[in-house]
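Take a look at the structure below.
2 protein chains.
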Amino acid sequence: MEFDDKVPIYFQIEQYIDREIIVGNLAPGAQVPAVRQLALTLTVNVNTIQRALAELIREGILVSERGKGNFVTTDTQVLAQMKKRVIQGELAGTYDHLASLGMAPAEMVAALEEYIKERKGGESHD
Amino acid sequence: MEFDDKVPIYFQIEQYIDREIIVGNLAPGAQVPAVRQLALTLTVNVNTIQRALAELIREGILVSERGKGNFVTTDTQVLAQMKKRVIQGELAGTYDHLASLGMAPAEMVAALEEYIKERKGGESHD
DNA sequence: ACCAGTGTAATAGCTAACTAGAACACTCGT
DNA sequence: ACGAGTGTTCTAGTTAGCTATTACACTGGT
């Protein structure tokens, strides 16, 4: 997996797992791949995986069962909150940044629409 | 100044100065505050300021004149490019993140509009 | 009882980011 | 020539993040 070297890997892994859950690749109650397996897949050290998972466990997103594995919580309330938090966080960051560039809310929407349009036009190559 | 401890301070300073230029607080040709002054204002070390400025100088956004100071370039072309790059980068990040959550472009626009609406409603407190 | 698979913890070492402090180089006004 | 203000460079030390490696603890199947 590729990481942005501007932000801690353990944090990016947290976000990665959040997304896997939101998208549905990891359903409520499902077992998360073993830490050693994740370490291989993401090509990072077990300790780094552990650090990411520890935070998710602390938040109640994951539940750890020693000797068995780590599992996605079945508390859909918690998962729904997490999803909302992730999306709101994304939008809030964009909003704040664009606002600090002197952009009005309406302009932000317009800019996003414009960006999407441009992106659709020229995404054949890569 | 407050920093996000998830990303290097020198990088956040780069972005801060980019924004000051885009907004117009730092006009083309204007002198940037002295490094020691910036260090005080932003409560970081001179070396950290230097590292941020060095990158901006490398990019041609700033021009360094030893003994005189650092100045915003008068090359409006470079500044326009920088502005576009900053805004596009912002939108691209949001787009990619939301797309990885399984969101379609139209939904992103809707989510942003929704967020703006909610924000307007409850931003009296703080 | 054993073993394979799992999570957990601890140690040691590396590097990037940041800080502190000092020294150096240049410009301008006097 | 000097001094104040500026950028530039260097050394030393701290901390956070990551890696490598090892050991420990628990579960479930045989």
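Protein sequence lines, in the order shown, are assigned to chains A and B.
Following numbering that gives the first Met the number 0, the numbering of the first sequence begins with 0 at its first residue and continues without gaps.
Following numbering that gives the first Met the number 0, the numbering of the second sequence begins with 0 at its first residue and continues without gaps.
Think of the CB as a built atom: it goes at the ideal place given N, C-alpha and C, for glycine as much as any other residue.
Quick caveat, the model's predicted, so the values are computed rather than measured.
Please identify the residue among A:E89, A:L52 and A:G28 whose C-alpha is closest to the C-alpha of I16 of chain A. The sequence position of residue 16 of chain A within the first sequence is 17, counting from 1. The shortest C-alpha separation from I16 of chain A is found at A:L52.
Considering F10 of chain A, what are the terminal residues of the alpha helix (DSSP H) in which it resides? Numbered from its first residue, the first sequence carries residue 10 of chain A at position 11. Residue range I8 to V22 is occupied by the alpha helix (DSSP H) that includes F10 of chain A.
Would you verify that the beta carbon of T47 of chain A is, or is not, closer than 9 Å to some beta carbon of chain B? For this step, residue 47 of chain A is matched to residue 48 along the first sequence. No, T47 of chain A lies away from the interface with chain B (no Cβ there is under 9 Å from its Cβ).
7 Å Cβ cut-off: residues of chain A touching R18 of chain B: Residue 18 of chain B sits at position 19 when you count from the first residue of the second sequence. Going along chain A in sequence order, the residues near R18 of chain B (Cβ under 7 Å) are S99 and L100.
Any chance the CB of F10 of chain B is under 8 Å from a heavy atom of the ligand FMN? Here there are no bound small molecules, and the ligand FMN is not part of this structure.
Where the stretch 1-26 of chain A meets chain B: residues whose CB sits under 7 Å from a CB there: So the list reads K5, V6, P7, F10, R18, I21 and V22, given in the order they occur along the chain.
Quick check for students: name the residue ranges of the alpha helix (DSSP H) that lie wholly in the stretch 55-111 of chain A, counting only runs of 4 or more. 75-98
So, is K64 of chain B buried or exposed, given that buried needs 16 or more other C-beta atoms within 10 angstroms? As a first step, residue 64 of chain B must be located in the second sequence, where it is residue number 65. Per the sequence presented here, residue 64 of chain B reads as Glu, with Lys not at that position. It counts as exposed.
Give the secondary structure of V45 of chain A by DSSP, where H, G and I count as helix, E and B as strand, and everything else as coil. As a first step, residue 45 of chain A must be located in the first sequence, where it is residue number 46. Looking at V45 of chain A - three-state DSSP - the assignment turns out to be helix.
Given that Q87 of chain B touches chain A, what residues does it touch there, using C-beta distances under 8 Å? What you label residue 87 of chain B is simply residue 88 of the second sequence in a count that begins at 1. Result: Y114.
Below-9 Å beta-carbon distance, M81 of chain B vs any chain A residue: What you label residue 81 of chain B is simply residue 82 of the second sequence in a count that begins at 1. Interface flag for M81 of chain B against chain A is unset, since no Cβ pair is found closer than 9 Å.
Anticipated Cβ contact below 8 Å, Y94 of chain B with L90 of chain A, distance rounded: Taking the first residue of the second sequence as position 1, residue 94 of chain B is located at position 95. Taking the first residue of the first sequence as position 1, residue 90 of chain A is located at position 91. In this structure, Y94 of chain B and L90 of chain A do not form a Cβ contact; the two beta carbons are roughly 12 Å apart against a cut-off of 8 Å.
Distance between G28 of chain A and N44 of chain A (C-alpha atoms, nearest Å): The residue given as residue 44 of chain A occupies position 45 in the first sequence. The residue given as residue 28 of chain A occupies position 29 in the first sequence. Rounded to the nearest angstrom, the two C-alpha atoms are 25 Å apart.
Answer with yes or no whether the minimum CB distance from A51 of chain A to chain B is below 9 Å. As a first step, residue 51 of chain A must be located in the first sequence, where it is residue number 52. Not an interface residue.
With respect to the alpha helix (DSSP H) encompassing L25 of chain A, which residues constitute its N-terminal and C-terminal limits? Your numbering for residue 25 of chain A matches position 26 in the first sequence. From DSSP, L25 of chain A is part of no alpha helix (DSSP H); its letter is neither H nor E.
Report the residue from B:G101, B:L61, B:R84 and B:V6 whose alpha carbon sits nearest the alpha carbon of L25 of chain B. For this step, residue 25 of chain B is matched to residue 26 along the second sequence. Measuring from the Cα of L25 of chain B, the nearest candidate turns out to be B:L61.
Roughly how far, in whole angstroms, is the beta-carbon of L100 of chain A from the beta-carbon of I86 of chain B, given that I think they are within contact range, below 8 Å? Within the first sequence, the letter at position 101 stands for residue 100 of chain A. Within the second sequence, the letter at position 87 stands for residue 86 of chain B. Going by Cβ atoms, the distance from L100 of chain A to I86 of chain B rounds to 7 Å, so yes, they are a contact pair.
In chain order, what residues of the same chain lie with their CB nearer than 8 Å to the CB of G68 of chain A, ignoring the 5 residues before and after it? In the first sequence, the residue the question calls residue 68 of chain A occupies position 69. So the qualifying residues of the chain are Q30, V31 and A33.
Can you grab the Cα-Cα spacing for the pair R18 of chain A / V6 of chain B, in whole Å? Residue numbering aside, residue 18 of chain A sits at position 19 when the first sequence is read from its first letter. Residue numbering aside, residue 6 of chain B sits at position 7 when the second sequence is read from its first letter. Roughly 21 Å between the two C-alpha positions.
Using only the alpha-carbon positions, how far apart do G88 of chain B and D3 of chain B sit? By 1-based counting over the second sequence, the position of residue 88 of chain B is 89. By 1-based counting over the second sequence, the position of residue 3 of chain B is 4. For G88 of chain B and D3 of chain B, the distance between alpha carbons rounds to 18 Å.
By the 10 Å Cβ neighbour count, where 16 or more other Cβ atoms means buried, how is M107 of chain B classified, buried or exposed? What you label residue 107 of chain B is simply residue 108 of the second sequence in a count that begins at 1. Counting Cβ neighbours within 10 Å, M107 of chain B comes out buried, since at least 16 surround it.
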